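*Asks:* In numbering that gives the first Met the number 0, the protein residues as written are 0 to 492. For each residue, glycine too, the CB sits at the ideal point set by N, CA and C. Remember, predicted model here, so these are calculated numbers, not experimental data. One structure, as structure tokens, below. Some questions next.
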Amino acid sequence: MQNDILINWSPQETRVAVVENGAVQELHVERTLERGLVGNIYLGKVSRVLPGMQSAFIDIGLERAAFLHVADVWQRAENGEGAVRRGESQVPIERQVFEGQPLMVQVIKDPIGTKGARLSTQISVAGHLLVFLPQDNHVGVSQKIAPEEREALRERLLQLVAEAGAGAKGGFILRTNAEDASDAELREDIAYLRKTWAGIRAAAQRLPAMSLLHQDLNLLQRVLRDLVGEQTQSVRIDSREQFAALQAYGLEYMPKAVERLQLYKGERPIFDLFGIDEEIGRALGRRVELKSGGYLIVDQTEALTTIDVNTGGYVGARNFDETIFKTNLEAAGTIARQLRLRNLGGIVVVDFIDMARPEHQEMVLDELKKYLRRDRVKTVVGGFSPLGLVEMTRKRTRESLAHMLCEPCPTCHGVGEIKTARTVCYDILREVLREARQFNPREFRVIAAPKVVELFLDEESQHLAGLSDFIGKPISLQAEGALRPGQYDIVLM
Numbered sequence: 000m001q002n003d004i005l006i007n008w009s010p011q012e013t014r015v016a017v018v019e020n021g022a023v024q025e026l027h028v029e030r031t032l033e034r035g036l037v038g039n040i041y042l043g044k045v046s047r048v049l050p051g052m053q054s055a056f057i058d059i060g061l062e063r064a065a066f067l068h069v070a071d072v073w074q075r076a077e078n079g080e081g082a083v084r085r086g087e088s089q090v091p092i093e094r095q096v097f098e099g100q101p102l103m104v105q106v107i108k109d110p111i112g113t114k115g116a117r118l119s120t121q122i123s124v125a126g127h128l129l130v131f132l133p134q135d136n137h138v139g140v141s142q143k144i145a146p147e148e149r150e151a152l153r154e155r156l157l158q159l160v161a162e163a164g165a166g167a168k169g170g171f172i173l174r175t176n177a178e179d180a181s182d183a184e185l186r187e188d189i190a191y192l193r194k195t196w197a198g199i200r201a202a203a204q205r206l207p208a209m210s211l212l213h214q215d216l217n218l219l220q221r222v223l224r225d226l227v228g229e230q231t232q233s234v235r236i237d238s239r240e241q242f243a244a245l246q247a248y249g250l251e252y253m254p255k256a257v258e259r260l261q262l263y264k265g266e267r268p269i270f271d272l273f274g275i276d277e278e279i280g281r282a283l284g285r286r287v288e289l290k291s292g293g294y295l296i297v298d299q300t301e302a303l304t305t306i307d308v309n310t311g312g313y314v315g316a317r318n319f320d321e322t323i324f325k326t327n328l329e330a331a332g333t334i335a336r337q338l339r340l341r342n343l344g345g346i347v348v349v350d351f352i353d354m355a356r357p358e359h360q361e362m363v364l365d366e367l368k369k370y371l372r373r374d375r376v377k378t379v380v381g382g383f384s385p386l387g388l389v390e391m392t393r394k395r396t397r398e399s400l401a402h403m404l405c406e407p408c409p410t411c412h413g414v415g416e417i418k419t420a421r422t423v424c425y426d427i428l429r430e431v432l433r434e435a436r437q438f439n440p441r442e443f444r445v446i447a448a449p450k451v452v453e454l455f456l457d458e459e460s461q462h463l464a465g466l467s468d469f470i471g472k473p474i475s476l477q478a479e480g481a482l483r484p485g486q487y488d489i490v491l492m
């Protein structure tokens, strides 16, 4: 599937859209003050060890302490070759780290919500073609490369590593985009990565604890490294300064990608070309319209995301079963696109419209899996449950689009609903009665939102007067436009 990459740059924010067949498939946003941390290497300080959880909290200078689990603590295998793998016998964490210890760590997962960053002490430095493993002597090849080519590439890489530095420590993994790389390009990447690692080690000796030793590439550079491929027709950027910087970076490390790089000089903003700002607005909403007239309802919670499929006004098929099947079939492709567009991770539950025929279920499931194969993020899809639900997981790599661009509503606090004015009136009546039983003021003054005061003066006036007679005190009203609908105050005069 051919795609175009559009880059909108400003000093405060970089936005990248991947467009296929005129439709936005992915959105990446990086803000100057909110850059992601994955790949960054720090000299941290152990602040707390928790033997019961086999984990430790590490202070790396962020607002929240980062989390290190024993499975992410690098330790050499008993045979002296490489590191202990997951599932093998691990030395307890309390025997490996202690409070106050300086420790070189790498961020493997950004802070999400209330959770701090996830760390590892197994350091890896990503290059353009290779990944360097300074603590390991293993030489491997990406699992995404065909098995029949993997061994030949591994032997070739082994030879290049040996030539580049006899006796030098460290292992390498050949990335997917290095499958067709020349020996000269691989040698350059080996030298670059070893030089980078030498600089990191020198910084660790020189800088105090809680210092940043190495920062991963910015979004513009990662576009060339990770997003540009054979399917990419063009990479268009609207900043002359950043175009020059990206061109220089590409000429040094990724000359093939530079051929696709273009400076956008149009008068209209680059994101207007494909209506991307409008697409972002739709991606932040709950409802997603289908071309057939059906629609999706997407609800994101902290634990999982639910997607509900509805027929809406679609009645175009020959019978009801066909209507449901066609709607679900269209929804499958749209759901896969929405997952990428919104960057939804974790558990995803899809409630397709109930289908009576098992072959229809299989076809819808195959359609969903077909579109998900285009997703660079790992997804695992289960079959239909007895209740007609499809459960799937999508690896969390960064904050979702909604969490990055939005915050909970201060009025409803993310619930999506607020109390009615009548409900607030009755809350106030109960509160006045409660206060009257404890205190003996001259008067009760109710300060509330205009809509609540208006209801008290109209439909609820009889109840307010009845309470005033019951407690034997006057109750006055004051409208305050700055108050939210559910807010009120009762002043004892």
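1) Can you give me the Cβ contacts of residue 495 inside the same chain, cut-off strictly under 8 Å, excluding the 5 residues immediately before and after it?
2) Between residue 448 and residue 397, what straight-line distance do the alpha-carbon atoms span, to the nearest angstrom?
3) Short check: CB of residue 259 to CB of residue 308, under 9 Å?
4) Report the residue ranges of all alpha helix (DSSP H) runs contained in full by the segment 244-268; include only those spanning at least 4 residues, in chain order.
5) Candidates 4, 471 and 463: which alpha carbon is nearest residue 231's?
6) Between which two residues does the alpha helix (DSSP H) holding residue 158 run?
7) With three or more beta-carbon pairs closer than 8 Å as the criterion, would you say the segment 207-217 touches the segment 43-61?
8) Which value, in whole angstroms, describes the spacing of the CA atoms of residue 122 and residue 253?
9) Could you give the DSSP three-state label for residue 448: helix, strand or coil?
10) In chain order, which beta strand (DSSP E) runs of at least 3 residues are fully inside the segment 419-475?
11) Indicate the three-state DSSP secondary structure (helix, strand or coil) for residue 196 in the structure shown.
12) Decide if residue 143 is buried, meaning its Cβ has at least 16 other Cβ atoms within 10 Å, or exposed.
13) Just curious, the alpha helix (DSSP H) that residue 59 is in, first and last residue?
14) Ends of the alpha helix (DSSP H) at residue 412?
15) I'd like the list of long-range same chain contacts for residue 299, defined as Cβ closer than 7 Å, with 5 residues on each side in sequence excluded.
16) Spatial neighbours of residue 316 within its chain, please: C-beta separation below 6 Å, excluding the five flanking residues on both sides.
17) Apart from the five residues just before and just after residue 14, which ones in its own chain have a Cβ nearer than 6 Å to its Cβ?
18) Where residue 442 and residue 491 are concerned, what is the direct C-alpha to C-alpha distance, given to the nearest angstrom?
19) Determine which residues share a DSSP beta bridge with residue 107 and list them.
20) Could you check where the alpha helix (DSSP H) with residue 402 kicks off and where it finishes?
21) What did DSSP end up calling residue 34 once you bin it into helix, strand or coil?
22) Have a look at 69, 160 and 112 and flag the residue whose alpha-carbon is nearest the alpha-carbon of residue 132.
23) Around the Cβ of residue 413, are there at least 16 other Cβ atoms within 10 angstroms (buried) or fewer (exposed)?
24) Which same chain residues end up closer than 6 Å to residue 470 when comparing Cβ atoms and leaving out the 5 residues on each side of it in sequence?
25) When burial is assigned at 16 or more other CB atoms within 10 Å of the CB, is residue 487 buried or exposed?
26) Check residue 98 in the structure and name its three-state DSSP category.
27) Tell me the DSSP secondary structure of residue 326 in three-state form.
28) Determine the closest residue to residue 444 out of 451, 474, 427 and 460, with distance taken between C-alpha atoms.
29) Among residues of its own chain, excluding the 5 on either side of residue 378, which ones have a beta-carbon nearer than 8 Å to its beta-carbon?
30) Would you grab the beta carbon distance between residue 459 and residue 424 for me? Rounded to a whole angstrom, and I think it's under 8 Å.
31) What does a CB cutoff of less than 6 Å around residue 56 pick up in its chain, not counting 5 residues either side in sequence?
32) So, is residue 382 buried or exposed, given that buried needs 16 or more other C-beta atoms within 10 angstroms?
33) Do residue 290 and residue 240 have their C-beta atoms closer together than 9 Å?
34) Here's the rule I'm using: 16 or more other beta-carbon atoms within 10 Å means buried, otherwise exposed. How should residue 120 be labelled?
35) Please state whether DSSP places residue 477 in a helix, a strand or coil.
36) Do residue 303 and residue 532 have their beta-carbon atoms positioned less than 9 Å apart in this structure?
*Replies:* Here's the rundown:
1) Given a span of 0 to 492 for the chain in the structure shown, any question on residue 495 remains unanswerable.
2) 39 Å
3) no
4) 254-257
5) 4
6) 146-163
7) yes
8) 24 Å
9) coil
10) 443-447
11) helix
12) exposed
13) Where residue 59 is concerned, there is no enclosing alpha helix (DSSP H), given that its DSSP letter is neither H nor E.
14) Taken as a continuous stretch (DSSP letters only), residue 412 belongs to no alpha helix (DSSP H), as it is neither H nor E.
15) 343, 399 and 401
16) Because residue 316 carries a pLDDT of 49, less than 50, the predicted location of this residue cannot be relied on, and no value is offered for it.
17) 7 and 28
18) 6 Å
19) According to DSSP, residue 107 bridges with nothing at all.
20) 400-404
21) coil
22) 160
23) exposed
24) 435
25) buried
26) coil
27) helix
28) 474
29) 338, 371, 391, 392, 393 and 394
30) 5 Å
31) 46, 47 and 64
32) exposed
33) no
34) buried
35) strand
36) Outside the displayed range of the chain (0 to 492) lies residue 532, so it cannot be described from this structure.
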